[in-house]
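**Student:** Here it is: the structure, laid out below.
Numbering (the numbering used here), first residue to last: 9 to 183.
Next up, the structure:
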């Protein structure tokens, strides 16, 4: 198993900094980009990975040094301590025997089919028919009609009916 740690560093200054990562046990760890540049107002992540499993009593230190770009004078540093915690004891759980899952409720079984055709819910067909009829009704204050005014629909009502008809159509096409 590969365990990794990340340490983020941010260049708050208006100039580029150079960084270097040091470790008390370099053979145990692999640092991706152990040296590099932090551009002004940019952030970098330093990734440190274990090369092999560590003992529980391991205590290692890392030091991140910051330099002015092009200089070997240390501008600052930060020490990070790595301590491996003891493992949690494994809890043994008695496994139950495998059993077959019941079929989903919406699944169509052979008793519900008639020569390979799916049975459509009559409510879905009724909603589709009502929506189709509603879209054929005249629009309020746009169409002149001999129908009574309570059968005239507004544009917003027709939009809602068209949306519902689209949803019902998707249900019908799913079968």
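Glycine included, each C-beta is placed from N, C-alpha and C at the ideal position.
A quick note: this is a predicted structure, and the numbers were derived from the prediction, not measured.
Would you mind reading off the limits of the beta strand (DSSP E) that contains residue 31?
**Tutor:** Looking up residue 31 in the chain shown gives position 23. Element bounds for residue 31: 25 to 31.
**Student:** Since residue 88 and residue 70 are thought to touch, with beta carbons under 8 angstroms apart, how far apart are those beta carbons, to the nearest angstrom?
**Tutor:** In the chain shown, counting from the first residue as 1, residue 88 sits at position 80. In the chain shown, counting from the first residue as 1, residue 70 sits at position 62. The Cβ separation is near 5 angstroms, so the contact holds.
**Student:** Name the DSSP bridge partner or partners of residue 147?
**Tutor:** Locating residue 147 in the chain shown gives position 139, where the first residue counts as 1. According to DSSP, which records beta bridges pairwise, residue 147 is partnered with 161.
**Student:** So, for residue 163: in the same chain, excluding its five sequence neighbours on each side, which residues have a beta-carbon less than 7 angstroms away from its beta-carbon?
**Tutor:** Along the chain shown, one-based indexing puts residue 163 at 155. Answer for residue 163: 147, listed in chain order.
**Student:** When we look at the beta-carbon of residue 29 and count the other beta-carbons within 10 Å, is it buried (16 or more) or exposed?
**Tutor:** Here residue 29 refers to the residue found at position 21 when the chain shown is read from its first residue. Under this definition residue 29 is a buried residue.
**Student:** In whole angstroms, what separates the C-alpha of residue 93 from that of residue 86?
**Tutor:** Taking the chain shown and counting its residues from 1, the one referred to as residue 93 is at position 85. Taking the chain shown and counting its residues from 1, the one referred to as residue 86 is at position 78. Going by the C-alpha atoms only, they are around 22 angstroms apart.
**Student:** Are residue 95 and residue 64 touching if we call contact CB-CB under 9 angstroms?
**Tutor:** Position 87 of the chain shown, counted from the start, is the residue given in the question as residue 95. Position 56 of the chain shown, counted from the start, is the residue given in the question as residue 64. Yes, the pair counts as a contact, with Cβ atoms nearer than the cut-off.
**Student:** Residue 55: buried (16+ other C-beta within 10 angstroms of its C-beta) or exposed?
**Tutor:** Within the chain shown, numbered from 1, the residue matching residue 55 stands at position 47. Under this definition residue 55 is an exposed residue.
**Student:** Under the three-state reduction of DSSP, which class applies to residue 140: helix, strand or coil?
**Tutor:** Numbered from 1 along the chain shown, position 132 holds the residue referred to as residue 140. Correct three-state label for residue 140: helix.
**Student:** For residue 168, which three-state DSSP category applies?
**Tutor:** Reading the chain shown from its first residue, position 160 is the one you call residue 168. Here residue 168 sits in helix by DSSP.
**Student:** State the DSSP-derived secondary structure class of residue 182, mapped to helix, strand or coil.
**Tutor:** Position 174 of the chain shown, counted from the first residue, corresponds to residue 182. Three-state result, residue 182: helix.
**Student:** Output the distance between the C-alpha atoms of residue 176 and residue 133, rounded to the nearest integer angstrom.
**Tutor:** Within the chain shown, the letter at position 168 stands for residue 176. Within the chain shown, the letter at position 125 stands for residue 133. Between residue 176 and residue 133, the C-alpha separation is close to 8 angstroms.
**Student:** Can you have a look at residue 171 and say buried or exposed, based on whether 16 or more other CB atoms are within 10 angstroms of its CB?
**Tutor:** If you number the chain shown from 1, residue 171 lands on position 163. Exposed, since its Cβ has fewer than 16 Cβ neighbours within 10 Å.
**Student:** For residue 31, which residues from the same chain have a beta carbon less than 6 angstroms from its beta carbon, with the 5 sequence-adjacent residues on both sides left out?
**Tutor:** Within the chain shown, residue 31 is the residue found at index 23, counting from 1. Taken in chain order, the residues that qualify are 37, 70.
**Student:** Using CA atoms only, rank isn't needed, just tell me which of 49, 51, 27, 35 is closest to residue 42.
**Tutor:** Residue 42 sits at position 34 when you count from the first residue of the chain shown. Nearest option by C-alpha distance: 27.
**Student:** Cβ of residue 159 within 9 angstroms of Cβ of residue 145?
**Tutor:** Start at 1 with the first residue of the chain shown, and residue 159 comes out as number 151. Start at 1 with the first residue of the chain shown, and residue 145 comes out as number 137. Yes; because the gap between Cβ atoms is below 9 angstroms, this pair is in contact.
**Student:** Any idea if residue 50 is buried or exposed, counting beta-carbon neighbours within 10 angstroms, 16 or more meaning buried?
**Tutor:** Residue mapping note: residue 50 aligns to position 42 of the chain shown, counting from 1. That one is exposed.
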